[in-house]
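When we follow the working numbering, the leftmost residue of the sequence shown carries the number -15, and every step to the right adds one.
Take a look at the structure set out below.
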Amino acid sequence: ALPLWYIRFKKNLIIKFFGLLLIISFIFFLVDYQYKNNFLYYKDGLYENIRIYDTTYKNRPTRLLIQDTSNSGAIHIDTKNPTDMAFEYTKYYSLYKLFDVKIKNALFLGGGSYTMPNALISEFPNANIEVVEIEPDLYELSKKYFNTNENIKNHIYDGRKFVKNSNTKYDFIFSDVYH
-15 ALPLWYIRFK KNLIIKFFGL LLIISFIFFL VDYQYKNNFL YYKDGLYENI
35 RIYDTTYKNR PTRLLIQDTS NSGAIHIDTK NPTDMAFEYT KYYSLYKLFD
85 VKIKNALFLG GGSYTMPNAL ISEFPNANIE VVEIEPDLYE LSKKYFNTNE
135 NIKNHIYDGR KFVKNSNTKY DFIFSDVYH
């Protein structure tokens, strides 16, 4: 048989342990709640966690899209010019200008915040601009938070399968996918 003092000691230790665990859980809840409230949008998508928030980037007010841990897209919110893009790599869409191409059909693999398709359709408003994005919520989120043009045609599909099965001839294809 165990001595009575040992049983009381063990009982007090268990109570203190669970009390400490409850306090730590509450602190994590408050931190997570505060963290999520700083976002315009915070939700798990089908494939990744999606977060949208306003910040400053290169000394300009910027709206940022984060998918899991990656900065996936951004716009400067102090302008309505869709070709004034926040991330340098997104400006590569304009390389078509080196070839003096008049774009009628364009395909973007990966939409993210749809900044590149939005810029291209502003330059070719009569062109057929299509985006294949596997994350279902991104197109509607891009329209709500990133001023995406309603005339961009969106396909929720795997980009590789889309290209393989498509019979459309494109003047321009830009791949902005990862994973």
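Every residue gets a Cβ at the ideal spot worked out from N, C-alpha and C, and that includes glycine.
On a predicted model such as this, the values are computed, not experimentally measured, just so you know.
Please return the same chain residues whose Cβ sits closer than 8 Å to the Cβ of residue i, not counting the five positions on each side in sequence.
| i | result |
| --- | --- |
| Leu24 | Ile36, Tyr37, Asp38, Arg47, Tyr129 |
| Glu134 | Lys127 |
Let's test the definition: count the other Cβ atoms within 10 Å of the Cβ of residue i and tell me whether it reaches 16, buried, or not, exposed.
| i | result |
| --- | --- |
| Ser97 | buried |
| Phe83 | exposed |
| Asp160 | buried |
| Gly57 | buried |
| Gly95 | buried |
| Phe2 | exposed |
Can you tell me where the alpha helix (DSSP H) with residue i in it begins and where it stops?
| i | result |
| --- | --- |
| Asn102 | 99 to 107 |
| Lys145 | 143 to 149 |
| Leu91 | No alpha helix (DSSP H) holds Leu91; the beta strand (DSSP E) holding it covers 89 to 93. |
| Glu72 | Note, Glu72: premise wrong, no alpha helix (DSSP H); not H, not E. |
| Lys128 | 122 to 129 |
Which partner residues of residue i appear in the DSSP bridge assignment?
| i | result |
| --- | --- |
| Thr40 | Pro45 |
| Ile34 | Lys27, Gln51 |
| Phe158 | Phe92 |
| Gly57 | Leu49 |
Could you name the residues of the same chain whose beta carbon sits closer than 6 Å to that of residue i, not counting the 5 residues immediately before and after it, in chain order?
| i | result |
| --- | --- |
| Thr120 | Looking at the sequence itself, residue 120 is Pro, so the reference to Thr does not match. Cβ neighbours of Pro120 beyond the five flanking positions: Leu30, Ile140. |
| Ile118 | Asp142 |
| Ser150 | none |
Looking only at its chain, what residues have a beta carbon closer than 7 Å to the beta carbon of residue i, apart from the 5 residues adjacent to it on each side?
| i | result |
| --- | --- |
| Thr152 | Asn89 |
| Ile68 | The identity of residue 68 in the sequence shown is Asp, whereas the question assumes Ile. Excluding positions up to five away in sequence, the list reads His60. |
| Asn(-4) | none |
Can you give me the start and stop residues for the beta strand (DSSP E) that residue i sits inside?
| i | result |
| --- | --- |
| Ser78 | Per DSSP, Ser78 belongs to no beta strand (DSSP E) and is neither H nor E. |
| Lys153 | Element bounds for Lys153: n/a, residue is neither H nor E. |
| Ile140 | 137 to 140 |
| Glu114 | 112 to 117 |
Check the C-beta distance from residue i over to residue j and give it rounded, since I have them as a contact under 8 Å.
| i | j | result |
| --- | --- | --- |
| Ile8 | Leu91 | With a Cβ gap of about 50 Å, Ile8 and Leu91 do not count as contacting. |
| Val115 | Ile136 | 6 Å |
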